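See below for the structure under consideration.
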Amino acid sequence: MAAMTDKPNTETTVQEPSSITEATAPFDDVDADVILRSSDNVDFRVFKLLLSMSSPFFKDMFSLPQGAKMVVDGGGETKDELPVVPVSETAKILRLLLSMCYPLSATKQPALDDIEDVELLLDATIKYSCEGVEKRVSEALVTPHLLRDNPVRVFTIACRHKMDAEARAAAKATLLQPSILEGPCGPSIQLHDGRAECRRRFVVVSTGPSKCSTSTVLCVLQENE
């Protein structure tokens, strides 16, 4: 009787790729010439020309010898013969950004009424050098309802990006609040005494001759603890 030998295990585990979904109109155009893939795996089919007109970042990218393939992680993935460019923004923020880069006739302009969205969108416009869009987002940052509901958050965002006018507007808006601690950033600030004086000093710092900075703000807060 022949001896039985163990058969080598030739089975391998294949990792299934994360599910990729397609963005809805107008970012599903079959005539698009590049795909931007969000961090949560949503593919936006867009036009290089429109992106290049809004963003020097993308203009330089697409002018490389092999176009977008030269900057795609993983060796230049393609889909439907189009280059795929992964970006770090979520689908929500990417849609906001692209909607503001596209002409009004192509897509409805988004309402920027959420402080989280405005902050992330502002970061994206600066990252991709979308100056025209950045200006509009900066204006949205200091709309009355955001200043009323999130003055300290707006002040922090403005200081981080060295936006003096917006920082001054936010600093003044803190004076309209009965207490900074009532806002969403209150627990992290940990003020106890002299709250009104601290709010007044926000205004002094942000309207002074030097640019506001996060370190300056922290010094003011620490002096009033």
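Read in order, the letters of the sequence shown correspond to residues 581 to 805 in the working numbering. Every residue, glycine too, gets a C-beta built ideally from N, C-alpha and C. Values in this document were obtained by computation on a predicted structure and should not be read as measured data.
Arg740 versus Pro690: straight-line alpha-carbon distance, rounded | What you label residue 740 is simply residue 160 of the sequence shown in a count that begins at 1. What you label residue 690 is simply residue 110 of the sequence shown in a count that begins at 1. Answer to the nearest angstrom: the Cα atoms are 24 Å apart.
Other residues of its chain near Ser599: CB distance less than 6 Å, five sequence neighbours each side excluded = By one-based count along the sequence shown, residue 599 stands at place 19. Apart from sequence neighbours up to five positions away, no residue of its chain approaches Ser599 with a beta-carbon distance below 6 Å.
Which residues in the same chain have their Cβ closer than 8 Å to the Cβ of Val622, if we skip the five residues on either side of it in sequence?
-> On the sequence shown, position 42 is the one that residue 622 refers to. Once the five neighbours on either side are set aside, the close Cβ partners of Val622 are Ile600, Thr601, Glu602, Ala603, Ala671, Leu674.
Once you ignore the five residues that flank Gly654 on each side, which residues in its own chain have a CB closer than 7 Å to its CB?
-> On the sequence shown, residue 654 is found 74 positions in, with the first residue counted as 1. Residue placement at Gly654 is flagged as unreliable, the pLDDT there being 42, under the threshold of 50; the coordinate-derived value follows with that caveat. Result list for Gly654: empty, nothing under 7 Å.
Compare the beta carbon distance of Gly731 and Leu700 with 9 Å and say whether it is the shorter of the two.
-> Against the sequence shown, residue 731 aligns to sequence position 151. Against the sequence shown, residue 700 aligns to sequence position 120. Note on residue identity: the sequence assigns Pro, not Gly, to residue 731. The answer is no: Cβ separation not under 9 Å.
From which residue to which residue does the alpha helix (DSSP H) around Ile706 run?
-> Sequence index remark: in the sequence shown, residue 706 carries index 126 (1-based). Per DSSP, Ile706 belongs to the alpha helix (DSSP H) from 695-707.
Just confirm the distance between the C-beta atoms of Leu677 and Glu669, as a whole number of angstroms; I'd bet it's less than 8 Å.
-> Numbered from 1 along the sequence shown, position 97 holds the residue referred to as residue 677. Numbered from 1 along the sequence shown, position 89 holds the residue referred to as residue 669. Between Glu669 and Leu677 the Cβ distance is about 7 Å, and since that is below 8 Å, they are a contact.
Buried/exposed call for Arg728, threshold 16 Cβ in 10 Å | Looking up residue 728 in the sequence shown gives position 148. By the 10 Å Cβ count, Arg728 comes out exposed.
Determine the DSSP secondary structure at Thr736, reduced to helix, strand or coil.
-> The residue you call residue 736 lines up with position 156 of the sequence shown. Correct three-state label for Thr736: helix.
Same chain only: Cβ atoms within 6 Å of Met680, ignoring 5 sequence neighbours per side | Here residue 680 corresponds to residue number 100 of the sequence shown, with the count starting at 1. Excluding residues up to 5 positions away in sequence, Val713 lie with their Cβ nearer than 6 Å to the Cβ of Met680 in the same chain.
Given that a residue counts as buried once 16 or more other Cβ atoms are within 10 Å of its Cβ, and exposed if not, what is Glu746?
-> Looking up residue 746 in the sequence shown gives position 166. A buried status is given to Glu746, since no fewer than 16 other beta-carbon atoms sit within 10 Å of its beta-carbon.
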